[in-house]
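> Before we start, here is the structure in question, set down as C-alpha cells.
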Amino acid sequence: MSRVQLALNVTDIDAAVDFYSRLFGTEPAKRRPGYANFAVTEPPLKLVLIEGAAGRGHGVIGALNHLGVEVETPEEVVAATRRLSAEGLAPIVQESTTCCYAVQDKAWVDDPDGAPWEVYTVLADATDETDPGCSTEGCATVEEQAIPVGAAVSAPNSCC
337 MSRVQLALNV TDIDAAVDFY SRLFGTEPAK RRPGYANFAV TEPPLKLVLI
387 EGAAGRGHGV IGALNHLGVE VETPEEVVAA TRRLSAEGLA PIVQESTTCC
437 YAVQDKAWVD DPDGAPWEVY TVLADATDET DPGCSTEGCA TVEEQAIPVG
487 AAVSAPNSCC
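Numbering (my numbering) for the sequence shown: 337 to 496.
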C-alpha cells in the first residue's frame, strides 16, 4: 500500500489527537508521550503528530497555507460536513466557490494549532483563479462562523 505521510508539529498532543481522531474517524495507530501517528485508511495517509518540535522544520509551518482531503462527489462533502458537525468540529461550508482555477464545494475546520483543513470536491474547471473579491492570500482568510448541517453558504474572501 502507498500513502502520503504528513508530519505536523503540534503544541498540545492531546488536543491534536482528539481533533485528528474526529477529523479522520479513527484512533491513533501508535501513541507515545509527545507523539502519535495515525494509519488512515480513507484517504490513504500516515499522519504523524510531534509535540513541541518547534526547532525542527523551522519556517515550514509558517509557510503552510492549508491542508485538504479531495473527495469525488458533492454528496461526500455533505456527508463529511455532517460527520464533522456530529463530532463537534463546526465546519464552515462553501458551495460552488471558485478558487485555484476550479469550482468547488467544500467544508473547512481548523486543527487546535490553527491549521485549516478542507474536505472538498471539484465540480468544474474555471478560467479564473478566484471569485471576484476572493482573497489572494489563501485559505487562511475563511471567516470563522459555524454553518448548521444542511445549510451552505459561500464565505467571502476564502480560496483554494
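Glycine is no exception: its CB is placed at the ideal position from the N, C-alpha and C atoms.
Excluding the five sequence neighbours on either side, which residues of its own chain have a C-beta within less than 7 angstroms of the C-beta of VAL376, listed in chain order?
Here the question's residue 376 lines up with position 40 in the sequence shown. For VAL376, where only same-chain residues beyond five positions count, the Cβ hits under 7 angstroms are PHE360, THR362 and LEU383.
> Name the DSSP beta bridge partners of ILE428, please?
In the sequence shown, residue 428 corresponds to position 92, counting from 1. TRP444, per the DSSP bridge assignment.
> Looking only at its chain, what residues have a beta carbon closer than 8 angstroms to the beta carbon of VAL351, apart from the 5 residues adjacent to it on each side?
The sequence position of residue 351 within the sequence shown is 15, counting from 1. Val is not the amino acid found at residue 351; the sequence shown has Ala there. Excluding positions up to five away in sequence, the list reads PRO448.
> Using DSSP's beta-bridge definition, name the partner residues of ALA438.
The residue given as residue 438 occupies position 102 in the sequence shown. Beta-bridge pairing links ALA438 to CYS435 and ASP461.
> Specify the secondary structure class of GLU411 as computed by DSSP and reduced to three states.
On the sequence shown, position 75 is the one that residue 411 refers to. Helix, per DSSP.
> By DSSP's criteria, LEU403 is part of a beta bridge. Which residues make up the other side?
If you number the sequence shown from 1, residue 403 lands on position 67. TRP453, per the DSSP bridge assignment.
> Using a 10 Å radius around the Cβ and a threshold of 16 neighbouring Cβ atoms, would you call GLU387 buried or exposed?
Stepping through the sequence shown from its first residue, residue 387 is reached at position 51. Buried, because 16 or more other Cβ atoms sit within 10 Å of the Cβ of GLU387.
> Whole angstroms are fine: how far does the CA of PRO427 sit from the CA of ILE349?
Locating residue 349 in the sequence shown gives position 13, where the first residue counts as 1. Locating residue 427 in the sequence shown gives position 91, where the first residue counts as 1. Straight-line Cα distance between these residues: approximately 22 angstroms.
> Following the continuous beta strand (DSSP E) through ALA375, name the residue where it begins and the one where it ends.
In the sequence shown, the residue the question calls residue 375 occupies position 39. Segment 371 to 376, the beta strand (DSSP E) holding ALA375.
> Quick one: grab the DSSP three-state call for ALA365.
Taking the first residue of the sequence shown as position 1, residue 365 is located at position 29. Of the three classes helix, strand and coil, the one that applies to ALA365 here is coil, per DSSP.
> Tell me where the beta strand (DSSP E) around GLU387 begins and ends.
Counting from one through the sequence shown, the residue named residue 387 turns up at place 51. Where GLU387 is concerned, the enclosing beta strand (DSSP E) stretches over 381 to 387.
> Figure out for me which residue from ARG367, PHE355, LYS366 and PHE374 has the closest Cα to the Cα of LEU342.
On the sequence shown, residue 342 is found 6 positions in, with the first residue counted as 1. Out of ARG367, PHE355, LYS366 and PHE374, PHE374 has the C-alpha closest to the C-alpha of LEU342.
> Can you tell which of VAL413, ALA451 and ASP464 has the C-alpha that lies nearest to the C-alpha of ALA438?
Working through the sequence shown from its first residue, we reach residue 438 at position 102. Checking every option, the nearest Cα to that of ALA438 belongs to ASP464.
> Rank ALA460, ARG419, ARG367 and LYS442 by C-alpha distance to the C-alpha of VAL405 and give the top, closest one.
Numbered from 1 along the sequence shown, position 69 holds the residue referred to as residue 405. The shortest C-alpha separation from VAL405 is found at LYS442.
> Let's see if you can read the secondary structure: which residues bound the alpha helix (DSSP H) around ASP348?
As a position in the sequence shown, residue 348 is number 12, starting the count at 1. Per DSSP, ASP348 lies in no alpha helix (DSSP H) and is assigned neither H nor E.
> Less than 7 angstroms between the beta carbons of PRO369 and VAL353, yes or no?
Against the sequence shown, residue 369 aligns to sequence position 33. Against the sequence shown, residue 353 aligns to sequence position 17. No, these two residues do not count as a Cβ contact at 7 angstroms.
> When burial is assigned at 16 or more other CB atoms within 10 Å of the CB, is VAL298 buried or exposed?
Past the edges of the chain, shown from 337 to 496, lies residue 298, and the structure says nothing about it.
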